[in-house]
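Here the structure comes first, spelled out in structure tokens, and everything after it is commentary.
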Amino acid sequence: MTSRLLSKTIVVEEGLAKVYVPDISEYIREDGVVEPSWMPVFYNPSAKFSRDVTVLVARTYFSSREFFFLDLLSGTGVRGIRLSLEAGGVGILNDVDPRAYDYITENIKFNKLDDRLTAFNMEANALANLLTFTGVVVDYADVDPYGSPIPFFESALKPLGKKALLGVTATDRGPLNCVNKEKTLKRYWLECHSVDFANELGIRVLTYVTALRASALNYAITPLLYLSKAHYFRVFYLVERRNPYEEISRCKGYIWYCRDTLERGLSKTGEPDVSCKGGKRPIVIGPLWVCPLGSKEFVDRVAENLEKTPYLKNRDVLKYVNLLKSEVDVNVPYIRLDLLCKKIGANMPNMDSLVERLRSMGFRASRTHLDYRGVKTDAPLDVLTSAIRETGGAGSS
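For the sequence shown, position 362 (counting from the first letter as 1) is numbered 362 according to the UniProt record's numbering, and the numbering increases by one without interruption.
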């Protein structure tokens, strides 16, 4: 191991990569959880799931062809190294921290990728703008910051080709979930409300803001795949250099929500012609993204690719992909069954039985990885309530 790295450095294996990282045992909280923000060079072992999915997405989108990627915020470089080893990528791994740069360069050498990967030590926006103005065309840009991706959107979009892929991570779940409403307004320009589908709300807000930033540069985006895990959201977008008017006009909308009854729905207008049961007016949240958050066709291809990649078929990834296949084309905010059952005085039904009952009645329905207490369905609330009682949630009343 080179002396350029920290004295307490270990080797970890992830996917097909072996990488040097700061000794994880030095940065464990009292509750036994690794705290990556304490590390002098950022490496989050719990984000392996996100990197597994990133590899799957790249393998699916680019198939067997070589692609050029830009990893703007690389940390130790593990994500970019895996993209090269496991998905055939050639590209740039960058981090503004000189210590991270040392880990990136050594990890490139360690994995014998000197002819495929180049390390940079620049501020992320400066590097992306440099690539833009020197004519370097990027097939895939990855934005995975500690915090909000907002400061990096526009520069990350500029070097993309006419049809490219963009991966975006947001760890500022507080503002996106409307826990910190002041930051939501400052950062995402949204007056929001607490809802039971907070994780879906966060991804819809993130996607709408991404679309707006892309639209200003004459790019149209289409979300292909989304995920919510622990402390972060991650979305992969198809980005095309063309007039975005059609997507923006079609996908800009609002969510109406009845807090007392848990009714909800999507609307193109900020004044939807609906009332809650009991006559109250619903809360209206938006504007935000109201089109689907993923592509059923693409997710099915990801699932097929997973079957061909046994080393990625761990329990978490397999469970996620199977749920996403089911939920991705149910374009209605999920409803938390524990809260609904409490309101109607019913016991929690078997979730799978409930989903099958709703489908047998002709409605779309699915469990969701966004919240394992939630169900996505286009069935009206009274139909859902009846199905809950029919599938074992009758309660004592």
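Here a beta-carbon is modelled for each residue, glycine too, at the ideal position from N, C-alpha and C.
Every value quoted in this text rests on a predicted model; they were computed, and no experiment measured them.
ask   = Going by DSSP, what residues sit across from Val235 in a beta bridge?
value = By one-based count along the sequence shown, residue 235 stands at place 235. In DSSP, Val235 forms a bridge with Val168 and Tyr226.
query = From this set, Ala47, Ala156, Glu182 and Asp23, which residue's C-alpha is nearest Asn94's C-alpha?
reply = For this step, residue 94 is matched to residue 94 along the sequence shown. Of the candidates Ala47, Ala156, Glu182 and Asp23, the one whose C-alpha sits nearest the C-alpha of Asn94 is Ala156.
query = Comparing alpha-carbon positions, which option in Lys229, Ala128 and Ile104 lies nearest Leu117?
reply = Numbered from its first residue, the sequence shown carries residue 117 at position 117. Of the listed residues, the one whose Cα sits closest to Leu117 is Ile104.
query = What residue from Val138, Arg234, Pro98 and Thr76 has the CA that sits closest to Lys18's CA?
reply = Counting from one through the sequence shown, the residue named residue 18 turns up at place 18. Lys18 has its Cα closest to that of Thr76, out of Val138, Arg234, Pro98 and Thr76.
query = Which residues in the same chain have their Cβ closer than 6 Å to the Cβ of Arg213, if we skip the five residues on either side of it in sequence?
reply = For the purposes of this step, residue 213 is taken as the residue at position 213 of the sequence shown. When the five nearest sequence neighbours on each side are left out, the beta carbons in the same chain lying within less than 6 Å of the beta carbon of Arg213 are those of Phe153 and Glu154, in order along the chain.
message = Counting beta carbon pairs with one atom in the stretch 133-145 and one in the stretch 25-44, are three or more of them shorter than 8 Å?
response = no
task = In the DSSP assignment, find the unbroken alpha helix (DSSP H) run with Pro98 in it and report its ends.
result = The sequence position of residue 98 within the sequence shown is 98, counting from 1. First-last of the alpha helix (DSSP H) with Pro98: Pro98 to Phe110.
query = Is the beta carbon of Tyr226 less than 7 Å from the beta carbon of Leu293?
reply = Working through the sequence shown from its first residue, we reach residue 226 at position 226. Working through the sequence shown from its first residue, we reach residue 293 at position 293. For the 7 Å CB-CB criterion, Tyr226 and Leu293 form a contact.
inquiry  = If the criterion is Cβ atoms closer than 7 Å, does the pair Tyr245 and Pro223 meet it?
reply    = Along the sequence shown, one-based indexing puts residue 245 at 245. Along the sequence shown, one-based indexing puts residue 223 at 223. No; because the gap between Cβ atoms is not below 7 Å, this pair is not in contact.
Own chain residues within Cβ distance below 8 Å of Lys8, not counting five before or after = Position 8 of the sequence shown, counted from the first residue, corresponds to residue 8. Answer for Lys8: Pro22, Asp23 and Glu26, listed in chain order.
ask   = Residues in its own chain within less than 7 Å of Glu106 by CB, not counting five upstream and five downstream?
value = Stepping through the sequence shown from its first residue, residue 106 is reached at position 106. For Glu106, where only same-chain residues beyond five positions count, the Cβ hits under 7 Å are Thr2, Arg4, Leu5 and Tyr20.
inquiry  = Output needed for Leu185: all residues of its chain with C-beta closer than 7 Å, excluding positions within five of it in sequence on either side, in chain order.
reply    = As a working mapping, residue 185 is identified with position 185 in the sequence shown. Counting only Cβ-Cβ distances below 7 Å, and skipping sequence neighbours, we find Glu191.
ask   = Between Thr171 and Tyr232, what straight-line distance do the alpha-carbon atoms span, to the nearest angstrom?
value = The count along the sequence shown starts at 1 and reaches residue 171 at position 171. The count along the sequence shown starts at 1 and reaches residue 232 at position 232. Near 4 Å, if we compare the C-alpha coordinates of Tyr232 and Thr171.
ask   = If you draw a straight line from the alpha carbon of Glu314 to that of Phe298, how long is it in whole angstroms?
value = Position 314 of the sequence shown, counted from the start, is the residue given in the question as residue 314. Position 298 of the sequence shown, counted from the start, is the residue given in the question as residue 298. Glu is not the amino acid found at residue 314; the sequence shown has Asn there. Cα to Cα, Asn314 sits roughly 20 Å from Phe298.
message = Once DSSP output is grouped into helix, strand and coil, what is the label at Glu38?
response = Position 38 of the sequence shown, counting from 1, holds the residue named residue 38. Residue identity check: residue 38 is Trp in the sequence provided, not Glu. It is helical.
inquiry  = Looking at the secondary structure, which residues open and close the beta strand (DSSP E) in which Asp329 lies?
reply    = Numbered from 1 along the sequence shown, position 329 holds the residue referred to as residue 329. First-last for Asp329: undefined, no H or E at that position.
task = Evaluate Phe69 with the Cβ neighbour count: other Cβ atoms within 10 Å of its Cβ, from every protein chain shown; 16 or more gives buried, anything less gives exposed.
result = Counting from 1 along the sequence shown, the entry for residue 69 is found at position 69. So Phe69 ends up on the buried side.
message = So, at 8 Å on beta carbons, what are the nonlocal neighbours of Ala128 in its own chain, with the 5 sequence-adjacent residues on each side left out?
response = By one-based count along the sequence shown, residue 128 stands at place 128. The residues are Leu70, Leu72, Ala141, Phe152, Ser155, Ala156, Lys158 and Pro159.
key: Supposed close pair Arg357, Glu390 - CB separation, criterion 8 Å   = Here residue 357 corresponds to residue number 357 of the sequence shown, with the count starting at 1. Here residue 390 corresponds to residue number 390 of the sequence shown, with the count starting at 1. Going by Cβ atoms, the distance from Arg357 to Glu390 rounds to 6 Å, so yes, they are a contact pair.
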